[in-house]
Amino acid sequence: MTDPEFRDAFHMHKDVLYRFAYRMTGSRSLAEDVVQECYLALWRRPGAYDPLRGAVRAFLLGIARNLILKRWRDERPHEPLDAESSVCQPVDLPAGERAVFVAQAIARLPPLQREALILAEYEEMPLEEIARATGAELAAAKSRLHRARENLRRLLAPLWEETRSTNGTKR
Amino acid sequence: MEPNDDAELSRVLREWQAPETPAWLEGRLMARRDARRRTRFGAALALAAALAAVALLMVRSPAPPAAAVAVDEEQPFVPVPNVLPLDSYETGRVVRMDLPVSALLAAGYSLPAADPTATVTADVLLGDDGRAHAVRLVSE
Chain A
13 MTDPEFRDAF HMHKDVLYRF AYRMTGSRSL AEDVVQECYL ALWRRPGAYD PLRGAVRAFL
73 LGIARNLILK RWRDERPHEP LDAESSVCQP VDLPAGERAV FVAQAIARLP PLQREALILA
133 EYEEMPLEEI ARATGAELAA AKSRLHRARE NLRRLLAPLW EETRSTNGTK R
Chain B
4 MEPNDDAELS RVLREWQAPE TPAWLEGRLM ARRDARRRTR FGAALALAAA LAAVALLMVR
64 SPAPPAAAVA VDEEQPFVPV PNVLPLDSYE TGRVVRMDLP VSALLAAGYS LPAADPTATV
124 TADVLLGDDG RAHAVRLVSE
């Protein structure tokens, strides 16, 4: 890989990787590390990227998620990445901080649901690309996204209530 | 607001914005990449130099007798005297080569029973800077 190609790849995908890593980890410094490691991996082994298997973006996101999930497993060796029966309970609503509330709710999702949701909702990726990036079957990616949305509706219940009561007051 | 509505859920989720990618990230990444490139080049250069030195020594002292140093099947790496061990972040690399016993003696190893004119096969642990940090003798 030439230097210009490497720089092009950086400029083209750095923001997606950074946003994804930040939303997955909730940490700017971890996101910065993940982005750098992704590109160093690409630099070390450019041959690992196979254009026939999808876009560079999905390839880099795949590296990012592997790094993030490895850290997750190291920190929580007995916690499943995606419990099928996982039902997230509503979190307490911090005063006036809806964005923080949303961030907390997403952080409570099991990692495999969280990554599917982040890629779909924030990066607007189609299911096929999400499946490629996460190394999952299309049906599995769809199922994770569905369960993530179901969980978020539960997690964000206080937000609905707050909005409902605000609207009621206004009326 | 209906929580069962995907569009409404999406709207609420977008209240959480991710920060911008820091501008300094590119500079740091390129610096790390260049450092790795230099390290690779340096290690290759050091290895080539070491091999050239060994080859030169072998030409000057042809056909030395077999190694007089007794070795075990599972020899440990012995740190090169007066050289700091590898740092935790260094990956290092191991290179197998034939070394003159005299070079080991000169490096500070104590080999009382060894024939100084002999050569031995050894695994040499090179740091990321290309310097030898430890040596393990190999059984023939």
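Residue numbers (this note's numbering), protein chains in the order written: chain A, 13 to 183; chain B, 4 to 143. Glycine included, every Cβ here is placed at the ideal spot set by N, Cα and C.
Collapsed DSSP secondary structure at residue i in the structure displayed
| i | result |
| --- | --- |
| residue 72(B) | Since pLDDT at residue 72(B) reaches only 43, below the 50 mark, its modelled position is unreliable, and the value read off the structure follows with that caveat. The answer is coil: DSSP assigns residue 72(B) none of H, G, I, E or B. |
| residue 57(A) | coil |
| residue 156(A) | helix |
| residue 88(A) | coil |
| residue 24(B) | coil |
| residue 120(A) | coil |
| residue 34(B) | helix |
| residue 9(B) | helix |
| residue 110(A) | helix |
| residue 163(A) | helix |
| residue 124(B) | strand |
| residue 132(A) | helix |
| residue 67(A) | coil |
| residue 141(B) | coil |
| residue 168(A) | coil |
| residue 76(A) | helix |
| residue 135(B) | strand |
| residue 83(A) | helix |
Distance CB(residue i)-CB(residue j) smaller than 7 Å
| i | j | result |
| --- | --- | --- |
| residue 51(A) | residue 32(B) | yes |
| residue 153(A) | residue 139(A) | yes |
| residue 147(B) | residue 136(B) | This structure gives no information on residue 147(B), because the portion of chain B shown stretches from 4 to 143. |
| residue 125(B) | residue 140(B) | yes |
| residue 211(A) | residue 76(A) | Lying outside 13 to 183, the shown extent of chain A, residue 211(A) is not represented and no answer is given. |
| residue 133(A) | residue 89(B) | no |
| residue 18(B) | residue 111(A) | yes |
| residue 128(A) | residue 74(A) | no |
| residue 150(A) | residue 160(A) | no |
| residue 104(B) | residue 117(B) | yes |
| residue 128(B) | residue 80(B) | yes |
| residue 96(B) | residue 55(A) | no |
| residue 70(A) | residue 141(A) | yes |
| residue 81(A) | residue 123(A) | yes |
Counted within 10 angstroms of its Cβ, other Cβ atoms place residue i as buried (16 or more) or exposed
| i | result |
| --- | --- |
| residue 163(A) | buried |
| residue 20(B) | exposed |
| residue 26(A) | buried |
| residue 30(B) | exposed |
| residue 73(B) | A caution first: residue 73(B) carries a pLDDT of 47, below 50, which makes its placement in the model unreliable, though a value can still be read off. Exposed, because fewer than 16 other Cβ atoms sit within 10 Å of the Cβ of residue 73(B). |
| residue 24(B) | buried |
| residue 24(A) | exposed |
| residue 133(B) | buried |
Contact belief for residue i with residue j at Cβ below 8 Å, rounded distance in angstroms
| i | j | result |
| --- | --- | --- |
| residue 84(B) | residue 111(B) | 3 Å |
| residue 156(A) | residue 116(A) | That belief does not hold up - the Cβ atoms of residue 156(A) and residue 116(A) are roughly 20 Å apart, past 8 Å. |
| residue 46(A) | residue 79(A) | 5 Å |
| residue 53(A) | residue 43(A) | The Cβ separation is near 16 Å, so there is no contact. |
| residue 12(B) | residue 57(A) | Wrong, their Cβ atoms sit about 39 Å apart, outside the cutoff. |
| residue 108(B) | residue 114(B) | 6 Å |
message = Going residue by residue through the stretch 76-120 of chain B, where are the continuous beta strand (DSSP E) segments of at least 3 residues, counting only ones entirely within it?
response = For the stretch 76-120 of chain B, the continuous beta strand (DSSP E) assignments of 3+ residues that do not extend past its boundaries occur at 96-103, in sequence order.
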